[in-house]
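>
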Amino acid sequence: MSQTTMKIAIKNGRVVDPRHGIDAPRDLFIADGKIAAVLPAGQTPDGFAADRTLDAAGQLVLPGVVDLAARLPGLEPELEAAVAGGVTRLACPPDSDPPMDEPELVERLVRRAQDAGLARVHPVGALTQGLAGEKLAEMAGLAAEGCVAFSQAKRAVRESQSLLRALQYAATFDFPVWCYPQNLSLARGGVAHDGEVAARLGLPGIPVVAETVAIAQIVELCRATGVRIHLTRLSSAAGVALVRAAKAQGLPLSADVAVHHLHLTDEDIGFFNNLTRVDPPLRTAADRAALREGLADGTLAAVCSDHTPLADDERQVPFGEATPGVSAVELLLPLTLAWAREAGVPLATAVARLTCDPAALLGVAGGDLGAGAPADVVLFDPEATWTADADTLVSRGRNTPFLGRTVTGRTSATLVGGRLVYARQD
Amino acid sequence: MLSKPLPDAEAQVAELAAKIRPDLTADTALVGIFSGGAWLAERLREVLGIDAPVGMIDVSFYRDDFGEKGLHPQVKPTSIPFEVEGRHLILVDDVLYTGRTTRAALNEIFDYGRPAAVDLAVLADRGGRELPIAAQYCVWDVELDDGEELILEKDEGGTLSWKLGTL
Amino acid sequence: MADLLSTPPTPASPQLGADGRLLHLLSTEGLPRQTITHILDTAKSFLEVSDRDVKKVPLLRGKSVFNLFFENSTRTRTTFEIAAKRLSADVINLDVSRSSTAKGETLLDTIDNLCSMHADMFVVRHATSGAPFLIAEHLARTGRHDIRVVNAGDGRHAHPTQGLLDMYTIRHYKGDFAGLTVAIVGDILHSRVARSDIHALRALGCGEIRAVGPKTLLPAHLEAQGVKVFHNLEEGLKDCDVVIMLRLQNERMDGALLPSASEYFKRFGLTPAKLKLAKPDAIVMHPGPMNRGIEIDSAVADGPQAVILDQVTFGIAVRMAVMSILAGN
Numbered sequence: 001m002s003q004t005t006m007k008i009a010i011k012n013g014r015v016v017d018p019r020h021g022i023d024a025p026r027d028l029f030i031a032d033g034k035i036a037a038v039l040p041a042g043q044t045p046d047g048f049a050a051d052r053t054l055d056a057a058g059q060l061v062l063p064g065v066v067d068l069a070a071r072l073p074g075l076e077p078e079l080e081a082a083v084a085g086g087v088t089r090l091a092c093p094p095d096s097d098p099p100m101d102e103p104e105l106v107e108r109l110v111r112r113a114q115d116a117g118l119a120r121v122h123p124v125g126a127l128t129q130g131l132a133g134e135k136l137a138e139m140a141g142l143a144a145e146g147c148v149a150f151s152q153a154k155r156a157v158r159e160s161q162s163l164l165r166a167l168q169y170a171a172t173f174d175f176p177v178w179c180y181p182q183n184l185s186l187a188r189g190g191v192a193h194d195g196e197v198a199a200r201l202g203l204p205g206i207p208v209v210a211e212t213v214a215i216a217q218i219v220e221l222c223r224a225t226g227v228r229i230h231l232t233r234l235s236s237a238a239g240v241a242l243v244r245a246a247k248a249q250g251l252p253l254s255a256d257v258a259v260h261h262l263h264l265t266d267e268d269i270g271f272f273n274n275l276t277r278v279d280p281p282l283r284t285a286a287d288r289a290a291l292r293e294g295l296a297d298g299t300l301a302a303v304c305s306d307h308t309p310l311a312d313d314e315r316q317v318p319f320g321e322a323t324p325g326v327s328a329v330e331l332l333l334p335l336t337l338a339w340a341r342e343a344g345v346p347l348a349t350a351v352a353r354l355t356c357d358p359a360a361l362l363g364v365a366g367g368d369l370g371a372g373a374p375a376d377v378v379l380f381d382p383e384a385t386w387t388a389d390a391d392t393l394v395s396r397g398r399n400t401p402f403l404g405r406t407v408t409g410r411t412s413a414t415l416v417g418g419r420l421v422y423a424r425q426d
Numbered sequence: 001m002l003s004k005p006l007p008d009a010e011a012q013v014a015e016l017a018a019k020i021r022p023d024l025t026a027d028t029a030l031v032g033i034f035s036g037g038a039w040l041a042e043r044l045r046e047v048l049g050i051d052a053p054v055g056m057i058d059v060s061f062y063r064d065d066f067g068e069k070g071l072h073p074q075v076k077p078t079s080i081p082f083e084v085e086g087r088h089l090i091l092v093d094d095v096l097y098t099g100r101t102t103r104a105a106l107n108e109i110f111d112y113g114r115p116a117a118v119d120l121a122v123l124a125d126r127g128g129r130e131l132p133i134a135a136q137y138c139v140w141d142v143e144l145d146d147g148e149e150l151i152l153e154k155d156e157g158g159t160l161s162w163k164l165g166t167l
Numbered sequence: 001m002a003d004l005l006s007t008p009p010t011p012a013s014p015q016l017g018a019d020g021r022l023l024h025l026l027s028t029e030g031l032p033r034q035t036i037t038h039i040l041d042t043a044k045s046f047l048e049v050s051d052r053d054v055k056k057v058p059l060l061r062g063k064s065v066f067n068l069f070f071e072n073s074t075r076t077r078t079t080f081e082i083a084a085k086r087l088s089a090d091v092i093n094l095d096v097s098r099s100s101t102a103k104g105e106t107l108l109d110t111i112d113n114l115c116s117m118h119a120d121m122f123v124v125r126h127a128t129s130g131a132p133f134l135i136a137e138h139l140a141r142t143g144r145h146d147i148r149v150v151n152a153g154d155g156r157h158a159h160p161t162q163g164l165l166d167m168y169t170i171r172h173y174k175g176d177f178a179g180l181t182v183a184i185v186g187d188i189l190h191s192r193v194a195r196s197d198i199h200a201l202r203a204l205g206c207g208e209i210r211a212v213g214p215k216t217l218l219p220a221h222l223e224a225q226g227v228k229v230f231h232n233l234e235e236g237l238k239d240c241d242v243v244i245m246l247r248l249q250n251e252r253m254d255g256a257l258l259p260s261a262s263e264y265f266k267r268f269g270l271t272p273a274k275l276k277l278a279k280p281d282a283i284v285m286h287p288g289p290m291n292r293g294i295e296i297d298s299a300v301a302d303g304p305q306a307v308i309l310d311q312v313t314f315g316i317a318v319r320m321a322v323m324s325i326l327a328g329n
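Chains C, Z and G are the protein sequences, given in the same order.
Sequential numbering of the first sequence, starting at 1, is according to our numbering.
Sequential numbering of the second sequence, starting at 1, is according to our numbering.
Sequential numbering of the third sequence, starting at 1, is according to our numbering.
(1) Starting from GLU208 (chain G), follow its DSSP beta bridges and name the residues at the other end.
(2) Using a beta-carbon distance below 8 Å, is PHE29 (chain C) in contact with chain G?
(3) Suppose the cutoff is 7 Å on Cβ atoms and the five residues either side in sequence are ignored; what does the same chain contact list for ALA285 (chain C) look like?
(4) Give the interface partners of LYS44 (chain G) over in chain Z, defined as CB-CB distance under 7 Å, in chain order.
(5) Between the alpha carbons of GLN15 (chain G) and PRO115 (chain Z), how many angstroms are there, rounded?
(6) Check distances from the C-beta atoms of the region 303–330 of chain C to those of chain G and list, in chain order, the residues that come in under 8 Å.
(7) Grouping DSSP H, G and I as helix and E and B as strand, with all else coil, what is SER116 (chain G)?
(8) Spatial neighbours of PRO8 (chain G) within its chain, please: CB distance less than 6 Å, with the 5 preceding and 5 following residues excluded, ordered by chain position.
(9) Pick out whichever of C:ARG341, C:ASP426, C:GLY418 and C:ASP51 has its Cα sitting closest to the Cα of ASP32 (chain C).
(10) Enumerated in chain order, which unbroken segments of the beta strand (DSSP E) with a length of 3 residues or greater are wholly contained in the region 123–164 of chain G?
(11) What does DSSP give as the partner residues of GLY32 (chain Z) in its beta bridges?
(12) Considering only C-alpha positions, which residue in the set C:ALA24, C:ASP23 and C:LYS34 is nearest to ALA9 (chain C)?
(13) May I ask which residues mark the beginning and end of the beta strand (DSSP E) holding PRO25 (chain C)?
(14) Can you name the start and end residues of the beta strand (DSSP E) that LEU123 (chain Z) belongs to?
(15) For ILE151 (chain Z), is the classification buried or exposed, using 16 other Cβ atoms within 10 angstroms of its Cβ as the cut-off for buried?
(16) Going along chain C in order, which residues have a C-beta closer than 9 Å to the C-beta of ALA224 (chain G)?
(17) Listed from N- to C-terminal order along the chain, which residues in the region 56–72 of chain G have their beta-carbon within a distance smaller than 8 Å of any beta-carbon of chain Z?
(18) Taking Cβ-Cβ distances shorter than 7 Å, what residues in chain Z pair up with HIS38 (chain G)?
(19) Say whether chain Z places a C-beta atom closer than 8 Å to the C-beta of ILE325 (chain G).
(20) Starting from the beta carbon of GLY125 (chain C), find every residue of chain G whose beta carbon is closer than 9 Å, and list them in chain order.
(21) Relative to the C-alpha of GLN316 (chain C), which residue among G:GLN225, G:ILE92, G:LYS85 and G:ALA136 is closest?
(22) Count the other CB atoms within 10 Å of the CB of GLU85 (chain Z); is the residue buried (16 or more) or exposed (fewer)?
(23) Taking C-beta pairs closer than 7 Å, name the residues in chain C that ALA256 (chain G) reaches, listed in chain order.
(24) Who are the neighbours of PHE66 (chain Z) on chain G, taking C-beta pairs under 7 Å?
(25) Report the rounded CA-to-CA distance for GLU48 (chain G) versus GLY153 (chain G), giving the unit in angstroms.
(26) Under three-state DSSP, which class holds ARG405 (chain C)?
(27) Quick one: grab the DSSP three-state call for PRO8 (chain G).
(28) In terms of alpha-carbon separation, which member of C:ALA384, C:ALA352 and C:LEU379 lies closest to LEU420 (chain C)?
(29) What residues in its chain sit with their C-beta under 6 Å from that of SER45 (chain Z), if we drop five residues either side in the sequence?
(30) Using C-beta distances below 6 Å, list every residue in its chain close to LEU142 (chain C), excluding the 5 sequence neighbours before and after it, in chain order.
(31) Looking at chain G, which residues of the region 119–132 of chain Z have a Cβ within less than 8 Å of any of its Cβ atoms?
(32) Spell out whether any CB of chain G is found under 8 Å from the CB atom of GLY493 (chain C).
(33) Would ASP58 (chain Z) and PRO81 (chain Z) be called neighbours here (beta carbons separated by less than 8 Å)?
(34) Using a threshold of 8 Å, state whether the C-beta atoms of VAL118 (chain Z) and LEU106 (chain Z) are closer than that.
(35) Can you tell me whether DSSP reads ASN250 (chain G) as helix, strand or coil?
(36) Check whether the Cβ atoms of HIS157 (chain G) and GLY130 (chain G) lie closer than 8 Å to each other.
In structure tokens:
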């Protein structure tokens, strides 16, 4: 019997499915790669004979996590890391090498990801050729191969006119455009938040205005073109306020935050810890509080990993020379639930920001445990404690500022399309 | 262990001065090793009526135990305010023990020039030498346990006295 | 359930050992007052050594000091070289700005290589803030606990021996720091000297620290470091005891941060007339090399209140003190 046709029962767990307003002890039944039913304990769908039963006592049973940004160098190892972190679906930014600016590249990525049979991959296409910010990429062709949105990743479109035209072209086909809200001219040369810590350590600063100026510009371009805009990786309180105001005006605008920005501030740079070198930079405790608040109230629609695995030798350089980025796909789920606990946010809200909300943004299935939905499911042990280190992380990138820190909560099993693609071995 | 009371250091200074006096020449100068030896040299200069100012040496930069013990927490500037070249010097210290401090002081003096002769004057000699060094002038041969230390103290009025400490 | 994530461990400065001893000199930030005082006291003794015929003590005999200048600075390198040689150390100058990095060798590869040549101390100058910290942490991680690192200037971050020699100079002329007003004038944003001075002045209990310069040359949030900010030189100089002029790098005068050198001199250059606003016995310092007619008028630079050449002399003694204390710890 192939795994896809296997009937699986997940029993005794606490099912949290924000899309259907469920947070209760339930048993979950899977057949033909889809959710067959979610029932109270003791009930079984008519004629369902489980080929395999997973005991989820003491565990959370969640929709698979939908990650809006994970970079996948080497593909398979990072997809294994994704499912080890409970991520069943992810958007891959176009700043790969080479950039995702040709339909063939997208087609190959999608096919290889399907062959791997791990997390589902939704490429974000390049907005401009080579991400150079000048000539438009073949957006319609890229979309036909599966691109869910278009973006410059973290690179600039130098000419505002070029940006306007790119947005107009995307709007023609109602393609969403994802913008990294950082004015690269104002951020030029900067490596850390332009605040007390940068002043003390002599690190060139990235001011908050680099973010607010960019958001203000994008908001107006959004208003002018009507294009659906998603702002990737907010970092500041002022940025959150601008997004909140723009949404209140009814603009088709959304935004997300990277999970490390919910926990860290520029104080965590300590004495030049280059594991805290991220883009956008970690800012102050007040900024972190606003990001947390924005995620809780839905101003920020999703929390993502912004997974950027780096080779160890890319960290053997001083802070300012280090490649920015964090290997985070395995910590996205536990760190988001840690935020919910600390901030007193309902578990269902936190799960929504990881599952159904980003799925809706991508316009794909997922984040859904309703009958007939693809059986992308995570079993998560909320009490398990573990240490994030070279032995426990699956990703090839060990570049996380949480390295060596104790993490509460861990994925124990992940199913994609009804197939058990990850089961923790203890 | 010393059973009897410690001798009067002031009386010993007078006694040491008396021993040195016959050998004084016009160009004799005193060099004291910080801190006890420096006080002692000042007193000897007064008693002996030497014109030349007293030189003071802190041997911290010349010690041979730097590798084990590191730099002394309180280093005083060495000051030799006279021409060393061709001069008769009397190196003054409070206690002579292993001889290593004397060795370090000799090395430092030679970085200032080549004296005609260097003598060594101490109040106390407690034996235990680890180098071929001897004092020309000494008024008290004393035996101490390994863990004991003889300390010269100076009160506010400038009076010198002995105290017994532990190493 | 305890959430360990919310309480990150407080990072300890890698320059101090567990017992508080100075293992490396990376920054004046976090240096205890008594450590700074010990360095300055020791430097005073070394100053005397420099007056002798034989300007050398045998303290570091047999030790190898590697001058690693990833950024060229003949002047600073020479002062460290003289200091190490006066301590009888063997000094090896590596012009790494040209050799290894050009061949693609990483910073830490270079360090590993030199460790195999039995280095005892690295004196490091690097264009990137934090590079000496990376080296110190690498040495600790690879078990080389006997090797010392002295930061000879990293990016805009720190130049701790310059900071300490400035403190030596101020103490030499002014004694106690408590009642002093010290003005630091010029390009503080890009100045590692200013940062090192500010931390050291605070540790020594300086009465008032002022930063004077145009907004393009002052970092944000300077007040958080206990500094009073002035944008007007006349106001900033009023009743000062010490004026530290900073060098204005040529590349700052190209119009992006300042319109021109001459406008800068008019507004922020130290002239005899402006110096009169400071206390009559105020001293004028400069880390060198000076740009006469840009940040400082020649009449001030060569005038009776300038102590700039003394700073150079004191600098050798301070570096001897730092090296000998580190080597002994």
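We put the CB at the ideal spot given by N, CA and C, even for glycine.
Walking through what the data contain:
(1) GLU208 (chain G) is bridged to G:THR181.
(2) Answer no: the Cβ-Cβ gap between PHE29 (chain C) and chain G never drops below 8 Å.
(3) Counting only Cβ-Cβ distances below 7 Å, and skipping sequence neighbours, we find THR265.
(4) Chain-order list of chain Z residues neighbouring LYS44 (chain G): PRO77, by C-beta distance under 7 Å.
(5) The straight-line gap from Cα to Cα measures roughly 43 Å.
(6) Hits within the stretch, in order: ASP313, GLN316, VAL317, PRO318, PHE319, GLY320 and GLU321.
(7) Three-state result, SER116 (chain G): coil.
(8) Legend: pLDDT at PRO8 (chain G) = 46, less than 50; position of this residue unreliable, value from coordinates given subsequently. When the five nearest sequence neighbours on each side are left out, no beta carbon in the same chain lies closer than 6 Å to the beta carbon of PRO8 (chain G).
(9) The residue with the shortest Cα to Cα distance from ASP32 (chain C) is C:GLY418.
(10) Look at the region 123–164 of chain G and you find these whole runs of beta strand (DSSP E), each 3 residues long or longer: 148–154.
(11) GLY32 (chain Z) pairs with Z:MET56 and Z:VAL92.
(12) Comparing Cα positions, the closest option is C:LYS34.
(13) Start and end: 22–31.
(14) Boundaries of the beta strand (DSSP E) around LEU123 (chain Z): 117–125.
(15) Answer is exposed; the Cβ neighbour count stays below 16.
(16) Neighbourhood of ALA224 (chain G) in chain C, by CB distance below 9 Å: GLY195, GLU196, ALA199 and ARG200, in chain order.
(17) Contacts with chain Z (Cβ-Cβ distance below 8 Å) from the region 56–72 of chain G involve LYS56, VAL57, PRO58 and LEU59, listed in chain order.
(18) The answer, in chain order, is PRO73.
(19) So yes, ILE325 (chain G) belongs to the interface.
(20) The premise fails here: GLY125 (chain C) is roughly 34 Å from chain G at the closest Cβ pair, so nothing lies under 9 Å.
(21) Comparing Cα-Cα distances from GLN316 (chain C) to each of G:GLN225, G:ILE92, G:LYS85 and G:ALA136, the minimum goes to G:ALA136.
(22) Here GLU85 (chain Z) is exposed. Its C-beta has fewer than 16 other C-beta atoms within 10 Å.
(23) The CB of ALA256 (chain G) never comes closer than 7 Å to any CB in chain C; the least such distance is about 11 Å.
(24) Contact annotation for PHE66 (chain Z) against chain G: LEU59 and GLY328 [CB-CB distance below 7 Å, chain order].
(25) The alpha-carbon separation between GLU48 (chain G) and GLY153 (chain G) amounts to approximately 26 Å.
(26) In this structure, ARG405 (chain C) counts as coil in the three-state DSSP scheme.
(27) A caution first: PRO8 (chain G) carries a pLDDT of 46, below 50, which makes its placement in the model too unreliable to give a value.
(28) Looking at the Cα atoms, C:LEU379 is the closest of the given residues.
(29) Reading the sequence as shown, one finds Arg at residue 45 (chain Z) and not Ser. The answer, listed in chain order, is LEU30 and VAL54.
(30) The residues are PRO103, VAL106 and GLY125.
(31) Residues of the region 119–132 of chain Z with a C-beta atom less than 8 Å from some C-beta of chain G do not occur.
(32) Outside the displayed span of chain C (1 to 426) sits residue 493 (chain C), for which this structure offers no information.
(33) It is not a contact, given that the beta carbons lie outside the stated cut-off.
(34) Taking 8 Å as the Cβ cut-off, VAL118 (chain Z) and LEU106 (chain Z) qualify as a contacting pair.
(35) Residue state, collapsed to three classes: helix.
(36) Yes; because the gap between Cβ atoms is below 8 Å, this pair is in contact.
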